[in-house]
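Below is one structure, written out as structure tokens; comments come after it.
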Amino acid sequence: MTSQKLAGKTALITGGARGLGRGYALHLAGLGADIAVIDRNLKAADVYEFERELLTADTVMAECEALGVRAMGLEADLTDRAAAEAAVQAVADKMGRIDIAVCNAGGGTVTFADERQPREGANETLDEVTVGTPSDTPEHMLSRVLDINIKTCMYTCMAVAPHMKKLGYGKIVTVSSTAGVDAKGEYHPYGLSKAAIIHYTRALAQELGPHNITVNAIAPGIIRTGRLGDRAEMAKDRVPLRREGTIEDCAKVVEFLTTDMSDYVTGRTIIIDGGMLR
Ligand SMILES: NC(=O)c1ccc[n+]([C@@H]2O[C@H](COP(=O)([O-])OP(=O)(O)OC[C@H]3O[C@@H](n4cnc5c(N)ncnc54)[C@H](O)[C@@H]3O)[C@@H](O)[C@H]2O)c1
Numbered sequence: 001m002t003s004q005k006l007a008g009k010t011a012l013i014t015g016g017a018r019g020l021g022r023g024y025a026l027h028l029a030g031l032g033a034d035i036a037v038i039d040r041n042l043k044a045a046d047v048y049e050f051e052r053e054l055l056t057a058d059t060v061m062a063e064c065e066a067l068g069v070r071a072m073g074l075e076a077d078l079t080d081r082a083a084a085e086a087a088v089q090a091v092a093d094k095m096g097r098i099d100i101a102v103c104n105a106g107g108g109t110v111t112f113a114d115e116r117q118p119r120e121g122a123n124e125t126l127d128e129v130t131v132g133t134p135s136d137t138p139e140h141m142l143s144r145v146l147d148i149n150i151k152t153c154m155y156t157c158m159a160v161a162p163h164m165k166k167l168g169y170g171k172i173v174t175v176s177s178t179a180g181v182d183a184k185g186e187y188h189p190y191g192l193s194k195a196a197i198i199h200y201t202r203a204l205a206q207e208l209g210p211h212n213i214t215v216n217a218i219a220p221g222i223i224r225t226g227r228l229g230d231r232a233e234m235a236k237d238r239v240p241l242r243r244e245g246t247i248e249d250c251a252k253v254v255e256f257l258t259t260d261m262s263d264y265v266t267g268r269t270i271i272i273d274g275g276m277l278r
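Numbering (the numbering used here), first residue to last: 1 to 278.
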């Protein structure tokens with residue numbers, strides 16, 4: 001039955017508490033996978049109205065369970081290698097196996113809403129995003145954005161690899177961005193970290209291929225999530241398909257990369273941008 005093609009498998013989604021990660025968790029749960037979410041804040045959806053309104057239960061884990069699969073959630077800061085290893089081990093212990101890892105945690109975030117003081121008079125405290133340029137990036141932005149993107153990805157991959165080797169099977173999906181493929185963005189430290197993920201993905205695929213583990217990246221373009229807001233006007237100008245991407249647009253590519261449809265695809269990056277990059 002195609003609808004349950006991931007039955008019996010466990011998928012780990014990092015940064016799965018909201019946005020694209022939540023979408024991957026729900027999509028893979030819909031295909032029958034048991035789900036483990038690791039996020040630095042399992043209540044991260046609370047920060048944005050757009051994300052709060054999408055939630056159909058108190059947590060993403062409860063939403064997955066409503067689809068008939070097992071689900072667990074763990075809070076860990078994946079920029080901390082020891083914390084990443086402990087969290088992945090806890091997933092393996094509880095779920096019994098890790099077949100799929102979607103290393104989605106990341107973004108251009110410098111300071112999360114829960115780390116910021118509420119602004120006087122503002123009714124919401126939002127995440128702060130980086131504004132660095134190639135010749136001028138404040139040190140705290142540079143290190144934070146590199147840590148949040150490339151280190152969380154590497155620490156997760158390094159922690160899941162032994163479990164997948166033991167299984168003799170694995171599907172790893174890393175998350176880059178069109179900003180990591182095209183250097184014209186103004187989002188420099190972010191683009192740098194996402195370009196590094198593409199390189200890491202290719203190298204890891206070489207190493208893990210003999211263990212029947214595939215490693216591929218996705219590079220989303222302008223996708224509507226709460227953190228980045230409504231960019232429909234921008235997409236109309238820049239995107240040949242004349243619209244923003246949706247979470248589901250990306251989740252369908254994650255389905256391809258986590259099911260047997262992609263068994264002979266590894267080390268590649270799939271750009272999901274409606275044709276924006278020329
Ligand atoms: N939305 C887009 O247009 C777009 C485009 C290209 C790439 N991406 C990438 O897709 C991924 C998800 O983007 P999003 O828009 O859903 O972002 P988001 O900020 O809504 O979600 C990211 C999640 O990751 C978690 N996270 C961040 N740092 C973490 C850490 N150190 N440890 C554990 N969890 C951590 C956050 O708490 C949050 O729940 C990111 O890697 C982002 O760079 C997004």
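For every residue, glycine included, the Cβ atom is placed at its ideal position computed from N, Cα and C.
Burial state of residue i (16 or more Cβ within 10 Å)
i	result
Gly15	buried
Leu6	buried
Tyr264	exposed
Lys166	exposed
Asn123	exposed
Gly8	exposed
Met1	Only weak support is given to the placement of Met1: the predicted model assigns it a pLDDT of 46, under 50, and the value that follows is read from those uncertain coordinates. By the 10 Å Cβ count, Met1 comes out exposed.
His140	exposed
Leu257	buried
Ser3	exposed
Ala62	exposed
Thr56	exposed
Asp249	buried
Thr156	buried
Thr133	exposed
Pro138	exposed
Met164	buried
Asp114	exposed
Pro118	exposed
Asp99	buried
Met95	buried
Met261	exposed
Met154	buried
8 Å Cβ cutoff met for residue i and residue j
i	j	result
Val215	Ile172	yes
Ala29	Cys64	yes
Val253	Ile222	no
Gly191	Ala203	no
Leu78	Ala86	no
Thr109	Asp127	yes
Arg97	Thr10	yes
Thr246	Arg224	yes
Ala159	Leu208	no
Val60	Met72	no
Thr174	Leu277	no
Ile38	Ala25	no
Arg40	Glu75	yes
Ser176	Thr269	yes
Supposed close pair residue i, residue j - CB separation, criterion 8 Å
i	j	result
His27	Glu244	That belief does not hold up - the Cβ atoms of His27 and Glu244 are roughly 18 Å apart, past 8 Å.
Gly180	Ile198	6 Å
Arg227	Gly106	Contact flag wrong, Cβ pair sits at about 11 Å.
Leu142	Pro210	Wrong, their Cβ atoms sit about 36 Å apart, outside the cutoff.
Asp58	Arg52	About 11 Å; that fails the 8 Å criterion.
Ala251	Gly23	5 Å
Asn104	Leu20	6 Å
Ser193	Val145	6 Å
Gly274	Ala205	Wrong, their Cβ atoms sit about 26 Å apart, outside the cutoff.
Ala17	Ala44	4 Å
Ile150	Ala196	5 Å
Ala33	Val69	6 Å
Item to check | Those runs of the alpha helix (DSSP H) which lie wholly inside the region 54-129 and span at least 4 residues | outcome: 60-65, 81-95
Item to check | Contained alpha helix (DSSP H) runs [length at least 4] in the region 160-216, N- to C-terminal order | outcome: 188-208
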